[in-house]
Amino acid sequence: MLLRYRSSLFSAIGALFILWTLLRNHGKIVSHVVEQYKGTVTTAIVKGPGFEQVPTIQIIDPLVVEVPKPQEDLFQAPPKAPIGPPTLIEPTIVSSRVTIHLSIHNPEATITGTFSSGTSTSTATSIIQDEFVKENAILGQEPSAGQIYGNTLKGVIGAGSHTESHLSVLKETDVWKSYSESKPLEYNPYPDYNSEVWNSKNKGFYVPCDGPDGPIKNILAFSGHSKVFEEPQIGSFSLLDIDSNLCFERETRLGLYGYAESFVDLISTGSLAGTTQHKRDGPTKIQWDDINWGSLQTQCVEKNTNRYLISEITQPFNEEIMVTAQNATSAWNSSKAKETNTKKRVLGTIVNRNKDDENEPKDHLAEAHLAKAAKAAVDAKQPFKSRTAIMLRSYSGKKWNDNDKQNVRSLITELALRSGGEYEVFLLVHIRNSTIAIENDADYIEALQKNVPKEFHDIAVLWNEAYVQGFYPLIPKKVTNVHQSQWLPVQIFALDYPHFDFYWNWEMDTRYTGNHYDLLEKLANFGMDQPRKYLWERNERYYIPSIHGSYNTEFRKSVEILSGKDTIWAPPKIANVIPTGPSPPVSDPAQDNYEWGIGEVADYISVAPMFNPNGTEWVGRNDVWGFDGRNDTPRRTTIITHSMCSKKLLDAMHTENLKGNHVSSEMTPQTVALLHGLKAVYAPLPIFFDRAWNGTSLNKWFNPGPKGESGISSDSPYGWGKEKRFLGMTWYYRAIPPGRLYNNWMGWEDHEIGGVEWEKIHGRPCLPPLLLHPVKNTENTKPGYSTKYDFP
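Everything in the sequence shown is counted per our numbering, starting at 1 for the first residue and increasing by one.
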């Protein structure tokens with residue numbers, strides 16, 4: 001027995017000695033093992049609700065990352081010239097070594113055979129993000145870094161080179177500017193109203209409308225472009241039929257709207273190639289506080305009433321809508337069902353919420369749409385022109401500056417007045433204090449006067465969260481805030497103003513350097529031209545021309561090959577959701593030759609991808625209430641809610657919210673369009689970066705999904721800790737180039753570029769037609785100012 005115990009004792013001592021040796025040399029051993037499997041790829045399956053399972057790539061690769069150097073050591077400051085210093089993105093500090101079997105992040109970690117799938121995903125994702133930080137830093141040291149900044153009229157190339165259609169909207173002027181060696185051109189991207197061609201396709205007669213000081217004049221632009229803006233790295237000018245060979249300068253762009261009161265107005269024009277003589281008149285000083293933009297828009301529509309089919313609410317719409325209070329898929333709705341036995345007046349509609357009534361809501365909204373469609377079909381060859389509302393999202397406490405006002409004036413003039421009422425601009429103002437009873441006239445007027453400039457009083461519509469909550473009692477109050485429920489006031493607006501066909505949710509801190517009418521008409525045309533086949537799959541990835549090729553041929557075919565039968569053809573079946581969109585013409589998309597959907601107006605248009613948030617680390621991916629629950633409800637997301645919805649889509653969103661079905665703001669219109677079978681289109685907005693990224697790298701960082709999508713993968717750029725990838729682009733909710741480019745364009749210093757003295761040396765900044773976001777605090781900057789943003 002003694003020998004037996006002695007043997008066991010020796011065995012135990014031997015095991016302990018081996019374990020001690022392993023622990024003492026674990027670094028060398030693990031490094032040796034890892035080196036043999038460097039680059040090994042494993043896959044984890046991520047289930048997308050309502051769809052097939054898809055693999056997520058995980059790369060296991062040891063990487064030693066040095067502690068970040070100070071910014072001044074990482075990048076050498078370039079000379080104070082047109083090319084400014086690059087946007088700096090600080091590398092994330094991570095652990096010095098990544099191993100497989102032993103965690104060095106947790107001092108209490110024990111030795112295990114394998115990582116959990118979550119840890120493995122996190123490790124691989126961290127490594128991939130570190131690779132981006134390193135590549136971004138390397139590009140930041142290249143001479144090409146920052147070349148989008150500091151471009152002026154002195155460096156413009158390609159003057160006079162335009163397509164025939166683009167040339168037809170340009171006319172010569174006799175205007176000379178001291179800062180330019182060439183004359184600007186009058187830019188008139190509007191239809192040839194009342195012409196024979198126009199009359200054959202449109203009903204009614206166009207009547208010109210007056211602006212604040214009489215007949216409306218067109219803005220001016222310079223022919224040509226800066227070399228760095230020749231082709232966007234993401235998106236396309238030519239695909240949207242936007243003339244990229246135009247350079248816009250601040251005075252000739254904003255002079256009509258209050259910038260530089262000495263601006264000289266244009267009277268007459270001639271063909272770009274002609275020799276017509278021109279005249280000018282002196283500047284007109286406008287007292288902007290005396291202008292009533294609401295009255296100007298109303299008068300304009302009245303002059304052109306014969307062109308539009310104004311929506312009419314049918315009589316049944318004023319009857320009671322029976323709303324199902326009990327939603328079997330939502331515990332919250334189930335508990336609240338006991339409380340819903342009240343009637344509430346909702347914008348002319350009485351909503352009856354009775355816990356004992358299980359009937360589906362009567363679709364009077366659909367009846368209204370059918371009635372309007374029947375009237376419009378009377379003369380299809382000469383259709384009525386649609387009307388679109390632009391809702392500028394403002395808020396209480398906003399400090400309005402001159403540039404804010406100039407921007408709003410330009411939107412109203414270019415979209416509403418110049419078009420004869422095709423658009424109408426509103427301010428949708430969020431009153432942050434929910435204790436203010438905006439239903440009370442006195443309180444409403446007081447809030448209006450405190451928060452909206454006088455000239456815009458008649459176009460402002462006020463709301464607060466308490467007001468919105470009263471319309472949608474089945475949505476949890478804790479989420480009826482502007483962040484998670486931004487579309488609720490838009491839906492209410494559409495009920496109050498049903499005479500529009502489309503509604504743009506427009507961010508106040510967005511700026512467009514080109515003509516607003518040209519942009520929105522081109523986006524709408526692109527949406528109408530898109531076939532539905534593989535549309536949802538095209539929507540979920542950034543279009544990178546250098547990788548994807550021609551959008552309508554190579555890109556379309558590659559998406560078809562990658563997606564195969566895993567495509568959205570008809571809306572997925574969801575409990576308590578009755579699709580309002582059209583049914584597919586054939587059951588199998590293979591039988592459709594990219595025909596269904598062409599000529600059909602889009603119900604939703606975004607300027608960024610609609611990605612699948614499932615499988616990503618986007619913070620709002622689980623913000624689902626009602627429907628089929630957060631695990632089983634198919635959904636789509638677009639970052640930045642700047643987008644367009646049709647009246648039909650907003651009504652569907654309203655109906656779902658009445659039932660307690662809700663998703664957070666970035667998912668709302670896309671998800672409802674998906675579940676209702678409505679047409680949603682991502683229009684590839686031209687986007688530039690402050691670094692010379694090649695297409696391969698951009699595709700890796702922005703379309704990292706298993707089939708080339710921007711979402712669905714844990715490597716998605718929208719995940720927590722990965723959004724630094726967006727800091728150097730011209731369109732995201734946090735990005736440095738938009739504000740920096742706009743400041744320089746306005747003549748204000750930013751990153752040692754811009755300002756009076758700088759322009760004396762380098763010239764007047766000009767930009768192609770760019771949609772920029774975010775552009776905040778648009779006022780003259782102080783010396784040494786630099787636009788800054790960052791992400792966790």
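Glycine residues also receive a C-beta, built at the ideal position from the N, C-alpha and C atoms.
According to DSSP, residue pairing for Y308 in a beta bridge involves K385. Note that the region 560–572 does not touch the region 500–514; fewer than 3 beta-carbon pairs, one per stretch, sit closer than 8 angstroms. E600 carries a coil assignment under DSSP once its states are collapsed to helix, strand and coil. For T637, the closest C-alpha among the options Y551, R541, A735 is that of R541. When secondary structure is reduced to three states using DSSP, E617 falls in the coil class, being assigned neither helix nor strand. Counting of Cβ neighbours within 10 angstroms places P545 among the buried residues, the total reaching 16 or more. A contact between stretches requires three or more CB pairs, one per stretch, nearer than 8 angstroms, and the region 460–467 meets this requirement with the region 422–431. Annotation for N505: the continuous beta strand (DSSP E) segment containing it runs 502–507. Scanning its chain for C-beta atoms nearer than 7 angstroms, with the 5 sequence neighbours on each side dropped, one finds around W701 the residues F132, P717, R725, in chain order. A contact is defined here as three or more CB-CB pairs under 8 angstroms, and the region 473–489 fails this definition with respect to the region 570–585. Counting every other CB atom within 10 Å of its CB across the protein chains shown gives Q449 a total below 16, marking it as exposed. Taking a 10 Å sphere around the C-beta of N401, we find fewer than 16 other C-beta atoms and assign the residue as exposed.
For F689, the beta-bridge partners assigned by DSSP are M729. Check the Cα spacing between S295 and each of K454, E600, P584: the tightest is with K454. With respect to the 9 angstroms criterion, E507 and K533 are not classified as neighbours on the basis of their beta carbons. A145 and G728 have their C-alpha atoms spaced approximately 10 angstroms apart. Straight across, the Cα-Cα distance linking G581 with T633 is about 18 angstroms. Taken through DSSP and simplified to helix, strand or coil, V425 comes out as strand.
DSSP places A442 in the uninterrupted alpha helix (DSSP H) bounded by 441–451.
Nearest C-alpha to S244 among V490, G158, R740: G158.
Annotation: the continuous alpha helix (DSSP H) that includes S295 extends over 293–303. DSSP links W463 through a beta bridge to H430. Closest in C-alpha terms to L488, from the list E142, P669, I148, I234, comes P669.
A494: member of the alpha helix (DSSP H) spanning 488–496, first to last residue. Sequence-distant Cβ neighbours of Q484 in its own chain, meaning closer than 7 angstroms and more than five residues away, are D623, S664, S665.
Remark: fewer than three beta-carbon pairs, one from each stretch, lie closer than 8 angstroms, so the region 135–143 and the region 737–754 are not flagged as touching. Here Q382 is exposed: its Cβ has fewer than 16 other Cβ atoms, across all protein chains shown, within 10 Å. Closest in alpha carbon position to R387, among F456, R734, T305, is T305. Linking K201 to G421 through their CA atoms gives a straight-line distance of about 17 angstroms. DSSP, read as helix, strand or coil, puts T637 in strand. Under the 8 angstroms Cβ criterion, the region 151–169 counts as touching the region 240–256, having at least three qualifying pairs. In the DSSP assignment, Y682 falls within the unbroken beta strand (DSSP E) covering 680–682. Between N539 and S606, the C-beta spacing is below 9 angstroms. N218 is not a Cβ neighbour of Y257, given a cutoff of 9 angstroms.
For H662, the pairing in a beta bridge is given by DSSP as W625. Assignment of T152 by DSSP, reduced to helix, strand and coil, places it in the strand class.
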